[in-house]
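A.B. asks: What follows is a structure written as C-alpha cells; I'll ask about it next.
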Amino acid sequence: LVAQVYKIVPPILLETGKVKNPWPNVDAHSGVLLQYYGMKEMNYYTVLFGVSRALGVLASLVWDRALGLPIERPKSLSTDLLMKAAKAA
Numbered sequence: 001l002v003a004q005v006y007k008i009v010p011p012i013l014l015e016t017g018k019v020k021n022p023w024p025n026v027d028a029h030s031g032v033l034l035q036y037y038g039m040k041e042m043n044y045y046t047v048l049f050g051v052s053r054a055l056g057v058l059a060s061l062v063w064d065r066a067l068g069l070p071i072e073r074p075k076s077l078s079t080d081l082l083m084k085a086a087k088a089a
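Throughout the sequence shown, residue numbering follows UniProt numbering, covering 1 to 89 in sequence.
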C-alpha cells in the first residue's frame with residue numbers, strides 16, 4: 001500500500017501546482033501500520049508519533065546519564081561552511 005502511495009500520489013499533487021514537495025512523509029508508513037493494527041482514529045496519529053519520539057529521546061537521555069556521558073549539543077553549521085565542505089568532498 002505504501003509503495004502505491006509513492007507511485008500514485010506525487011504526480012497527482014504536482015498537477016495541482018500547489019505543492020513544492022509531493023513525496024509522502026513518514027505518515028504514509030505509520031498511517032498504513034496504524035490502520036492495519038486497528039487504530040482508525042486518525043486524529044491520534046500525530047499524538048502517537050509525538051509520544052514515540054519523546055520516549056525515544058527520553059530513553060537516550062536516561063542511557064546518557066546512566067553512562068555518565070555529556071549533554072549532546074549538535075554543532076550549528078552555516079550555509080557557507082556546508083558549501084565549503086561539499087566542494088571539498
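All C-beta atoms, glycine included, are put in the ideal place defined by N, C-alpha and C.
Once the 5 residues before and after Leu-14 are set aside, which same chain residues still bring their CB inside 8 Å of it?
C.D. replies: Translated into the one-based positions of the sequence shown, residue 14 becomes position 14. Once the five neighbours on either side are set aside, the close Cβ partners of Leu-14 are Pro-22.
A.B. asks: Pull up the CB-CB distance for Val-2 and His-29, whole angstroms please, since I reckon it's below 8 Å.
C.D. replies: If you number the sequence shown from 1, residue 2 lands on position 2. If you number the sequence shown from 1, residue 29 lands on position 29. Between His-29 and Val-2 the Cβ distance is about 6 Å, and since that is below 8 Å, they are a contact.
A.B. asks: In angstroms, rounded to a whole number, what distance separates the CA positions of Phe-49 and Asn-43?
C.D. replies: Numbered from its first residue, the sequence shown carries residue 49 at position 49. Numbered from its first residue, the sequence shown carries residue 43 at position 43. C-alpha separation (whole angstroms): 11 Å.
A.B. asks: Quick check on DSSP: helix, strand or coil for Met-42?
C.D. replies: Here residue 42 refers to the residue found at position 42 of the sequence shown. DSSP places Met-42 in helix when its eight states are reduced to three.
A.B. asks: Output yes or no for whether 9 Å exceeds the beta carbon distance between Tyr-6 and Pro-24.
C.D. replies: Looking up residue 6 in the sequence shown gives position 6. Looking up residue 24 in the sequence shown gives position 24. Against a cut-off of 9 Å, the Cβ pair of Pro-24 and Tyr-6 comes out as a contact.
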